[in-house]
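Q: Order-wise, the sequence lines are chains A and B.
Per the working numbering, residue 67 is the first one in the first sequence, and the count goes up by one each step.
Per the working numbering, residue -4 is the first one in the second sequence, and the count goes up by one each step.
C-beta: ideal position from N, C-alpha, C; glycine also.
Predicted, not measured: the structure shown is a model, and the values here were computed from it.
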Amino acid sequence: MRNVTIGEVARQLAMSVDTLRYYEKIGLLPKVSRTESGIRRYSEKDISRLKFIKRAQQMNFTLAEISDLMTMRAAPQYARTEIRQLTTNKLREVELRLTELNTLRRELVLLVNLCTASDDSCPIIDRIEEGE
Amino acid sequence: MNRASIGIEVFTSSTCSRCQKAARMVEQLLTEPGFENITWHEVDVVAEIDHAVALGVLATPSIAIGGVLVLTALPSRQQLRGVVRHYLDSEGPNHAQCHDR
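1) Could you check whether P56(B) and C14(B) sit closer than 7 Å to each other, using their CB atoms as the reference points?
2) Hey, could you find the ends of the alpha helix (DSSP H) I113(A) is sitting in?
3) Quick check on this structure: which residue in T7(B), V21(B), E43(B), V48(B) has the alpha carbon closest to the alpha carbon of T165(A)?
4) Skipping 5 residues on each side, what residues in its chain have a beta carbon closer than 7 Å to that of A145(A)?
5) Compute the Euclidean distance between the alpha carbons of K16(B) and E22(B), then round it to the nearest angstrom.
6) Take V160(A) and list the residues in its own chain whose beta-carbon comes closer than 8 Å to its own, dropping the five residues that flank it on each side.
7) Between I1(B) and chain A, is any beta-carbon pair separated by less than 7 Å?
8) S8(B) and V52(B) - do their beta-carbons sit closer together than 7 Å?
9) Would you mind sorting A80(A) into buried or exposed? The rule is 16 or more other CB atoms within 10 Å of its CB.
10) Please report the Cβ distance between K156(A) and F127(A), rounded to the nearest whole angstrom; I am assuming they are in contact, meaning their Cβ atoms lie under 8 Å.
11) Please check the pair R106(A) and R115(A), which I expect to be a contact at CB under 8 Å, by giving their CB distance rounded to whole angstroms.
12) Could you spell out where the beta strand (DSSP E) holding T67(B) opens and where it closes?
13) Keeping to the same chain, check which residues put their C-beta closer than 7 Å to that of M(-4)(B); ignore five residues upstream and five downstream.
14) If you draw a straight line from the C-alpha of I113(A) to the C-alpha of S103(A), how long is it?
15) When burial is assigned at 16 or more other CB atoms within 10 Å of the CB, is T154(A) buried or exposed?
16) So which residues on chain B does E173(A) lean against when the C-beta distance must stay under 9 Å?
17) D134(A) and I149(A): beta carbons closer than 7 Å?
Below is the structure:
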């Protein structure tokens, strides 16, 4: 697949070009290849790394933690003990979050189903009003 | 009613037209011979949404026996009788209680 420009990556991943440059500057992303005229060209691998960074950030991981996770991601078999431990801890956090999200999903499905079945009042609104 | 003595829970909502039918069906079944030792309880899903979600209730009416969701729509009388009979055969009438919460 062809390599893409920083603008295309920014659009594709909904990140700013400044953020993309910053990640490269602090070493979170390995140096991106350039054309002869110095224009960055992002490979599939770069984009995969950026997607990972974005997902990890959405889980509220710090950039330092993400950097360690990236090391683990690049060579899991050679990762240091503390990075393996960090990854294990983060896995637990993700699993806990998934459980919470799944509970929330079920609650929302129930509320939407109740609303759909209702002709004159909506339990979603009733519940929001109860909480106020 | 003491929650610890509840055997069957009928999950209902005020906007559901089939819920009262389900509740009456359960009530009627429990007057029949062999089913008298089971108790039942109506649960408003909006008022007790955490409990309903924990059991996996996604729509009303739904019916749980002994804390386990067993029916997720209005059953036929025969279907309801079969499910409750199955529960009694596997657990016995003394176990027709849901977990206290």
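A: Straight from the coordinates:
1) If you check the CB distance, C14(B) and P56(B) come in under 7 Å.
2) Run containing I113(A): 110 to 124, per the alpha helix (DSSP H) assignment.
3) The shortest C-alpha to C-alpha distance from T165(A) to any of T7(B), V21(B), E43(B), V48(B) is the one to V48(B).
4) Contacts found: T137, M138.
5) Those two C-alpha atoms are separated by around 10 Å.
6) Here the set comprises M125.
7) Because the pLDDT of I1(B) is 47, which lies under 50, any placement of that residue in the model is unreliable, and the question is left without a value.
8) Result no, Cβ atoms of V52(B) and S8(B) do not sit closer than 7 Å.
9) A80(A) should be labelled exposed.
10) Between F127(A) and K156(A) the Cβ distance is about 7 Å, and since that is below 8 Å, they are a contact.
11) Between R106(A) and R115(A) the beta-carbon gap is near 14 Å, outside 8 Å, which marks them as no contact.
12) Segment: none, T67(B) is in no beta strand (DSSP E) and carries neither H nor E.
13) Its pLDDT being 42, under 50, M(-4)(B) is placed unreliably by the model, and nothing is read from it.
14) Roughly 21 Å between the two C-alpha positions.
15) So T154(A) ends up on the exposed side.
16) Chain B residues near E173(A): I44, D45, A47, V48.
17) Taking 7 Å as the Cβ cut-off, D134(A) and I149(A) qualify as a contacting pair.
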